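J.:
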Amino acid sequence: MNNTTCSLTKKDPDHYCIDSCKLLNSKNISITNPRLILLSLLIKEDKPLTVDQILSLTKGDLAQSTLYRVLSDLKEFGLITEFRNPENSIVVELNKAESEHHHHIFCESCGGITDISLSDNLENLIAEEISRIQKNLNVSIREHALELYGTCGGECRVCE
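Going by our numbering, the sequence shown opens with residue 3, and the numbers climb by one from there.
Dropping the structure here:
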C-alpha cells in the first residue's frame with residue numbers, strides 16, 4: 003500500500019521531494035524515505051552521479067547498504083539506469099522518459115559525464131548494424147551504448 007504524502011516535505015520543502023512522491027505513486031511503488039532521498043537527489047542534480055557522489059551529497063541520510071538496496075529496487079522498477087564509468091564505478095541516472103535514448107561523454111580530466119544524443123540517422127545506422135550482427139552471430143542484443151572519452155576544457159556541467 004502506498005503512502006500518498008511525502009514524509010520528507012518538512013525536511014526538504016523543495017518540489018524535488020513532491021516530484022519524487024508523484025513519480026513513485028505513478029508507478030504504484032511504495033514510498034520510503036530512502037527512495038525519496040535518492041529520487042529527490044537525482045531529480046535535483048539532473049545529471050549522472052556515482053555511488054560515492056550520492057553518498058556524499060546525501061550527507062549521511064543513506065547508509066551505503068541501503069543505497070545499494072534502493073538502487074536495485076529503482077532499477078527493477080525502471081526508474082533509473084546504471085552504468086559504469088572509466089574508473090569502473092557505478093553511475094546512476096534517472097530515466098526521464100521511456101523513449102529518451104542517449105549516450106555519454108566521459109571527461110578524463112575532471113571525471114564529468116555529459117549526456118549526448120546522436121542524430122536519428124546515426125542511431126538508425128547503428129540499429130541496422132546491430133541487426134546484422136544479431137543475424138550473423140545468432141545473438142540477441144537488448145541495448146547498446148556509445149561511450150566517448152576526452153577532456154572537457156573546463157566547460158562541462160561538472161566544472162561549471
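Ideal placement from N, C-alpha and C gives every residue a C-beta, glycine not left out. Note that the structure is a prediction, hence the values are computed from the model and not measured.
1. In chain order, which alpha helix (DSSP H) runs of at least 4 residues are fully inside the stretch 122-147?
2. Looking at the strands, I want to know which residues DSSP matches up with I82.
3. With burial defined as no fewer than 16 other Cβ atoms inside 10 Å of the residue's Cβ, what is the status of R86: buried or exposed?
4. Going by beta carbon distance, what residues of the same chain come within less than 8 Å of L64, once the five residues before and after it are set aside?
5. So, do the stretch 45-56 and the stretch 91-99 have three or more beta carbon pairs nearer to each other than 8 Å?
6. Find the nearest neighbour of N140 within the set T153, L25, I132, judged by alpha-carbon distance.
7. Which two residues bound the contiguous beta strand (DSSP E) that contains L150?
T.: On the basis of the supplied data:
1. Counting only runs of 4+ residues, the alpha helix (DSSP H) found wholly inside the stretch 122-147 occupies 122-139, in chain order.
2. DSSP links I82 through a beta bridge to L96.
3. Around the beta-carbon of R86, fewer than 16 other beta-carbon atoms lie within 10 Å, marking it exposed.
4. Closer than 8 Å at Cβ, skipping near neighbours: P36, I39, L40, I56, L57, V72.
5. Three or more beta-carbon pairs separated by less than 8 Å link the stretch 45-56 to the stretch 91-99, which places the two stretches in contact.
6. Of the candidates T153, L25, I132, the one whose C-alpha sits nearest the C-alpha of N140 is I132.
7. 149-152 is the span of the beta strand (DSSP E), which, as asked, contains L150.
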